[in-house]
Amino acid sequence: MFYSYAPMSKSHFLNLRGISTAIVFMLVGMNPLFPSGVGAAGGASTQQVFTVDLQKVIDQATIAQSARTDLQSEMKKREGALAEKRGAIEKLKADLQKQVSLLSSAAVAERQEAITKRERELAADFEAQRDELGRKSDAQMRKIFAEIDVVLAELAKDKDNAIIIERDPRLVLYAAPALDITPEVVKRLNQKKLG
């Protein structure tokens, strides 16, 4: 999965940055007005915030690579079938070009209509297969993200109910490398099988 976004203005970015910072402070229970780390309840905040790079997880996890490979092999099979149909249409066109001087105008029109019909069927078949592969890809990604959610919940629990946020350069300006749990997420995912 690739994340894309439209460029944003500096004021929009700064506003988004302020909102994300406030959200992190709220989640951690810190109040930026009290630099000593005193939370709203008056106690010291001990909850940690970790980051995870979901794009790296998707790129490196075995279950995602396997799903991508399966989808690509199915796509190649379907492309082969579509190429055969396209080749048959091209042969019909070439045959018509060779015979056009020998056929009546009605026969030429009839064959051109048959070729046009086959071209429309091929285009519809291509769209249907593309849509079906898109649905399969979406279903696989939902399964993968469900597994990622399970792993993240386990890690948060293992780390004393830590907060885990996505490492997104639009929201996380800096996080110490020690707080990045992406390799740990990939390792745990690689120990699972996609159901």
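Read in order, the letters of the sequence shown correspond to residues 0 to 194 in numbering that gives the first Met the number 0.
Cβ coordinates follow ideal geometry from the N, Cα and C atoms, glycine included.
By the beta-carbon neighbour count (other beta carbons within 10 angstroms, threshold 16), E146 is buried. Beta-bridge partners of I162 (DSSP): V48. In the assembly as shown, D52 is a buried residue. Its beta-carbon has 16 or more other beta-carbons within 10 Å. Per DSSP, reduced to three states, the secondary structure at D58 is helical. Cβ contact annotation for E183 (same chain, cutoff 7 Å, sequence separation greater than five): L154, in chain order. Taking the Cβ atoms as the reference, T50 lies roughly 4 Å from R166, within the contact range of under 8 Å. Residue state for D179 is assigned as strand, using DSSP reduced to three classes. Taking each of K84, E120 and N160 in turn and checking the Cα distance to V48, the smallest one comes out for N160. The DSSP-derived three-state label of D148 is helix. With a threshold of 16 other beta carbon atoms within 10 Å, R187 meets it and is buried.
Residue burial annotation: A60 is buried, with at least 16 other C-beta atoms found within 10 angstroms of its C-beta.
In this structure the region 90-106 does not lie against the region 72-80, because fewer than three pairs of beta carbons, one per stretch, are closer than 8 Å. With a threshold of 16 other beta carbon atoms within 10 Å, V56 meets it and is buried.
Assignment of Q111 by DSSP, reduced to helix, strand and coil, places it in the helix class.
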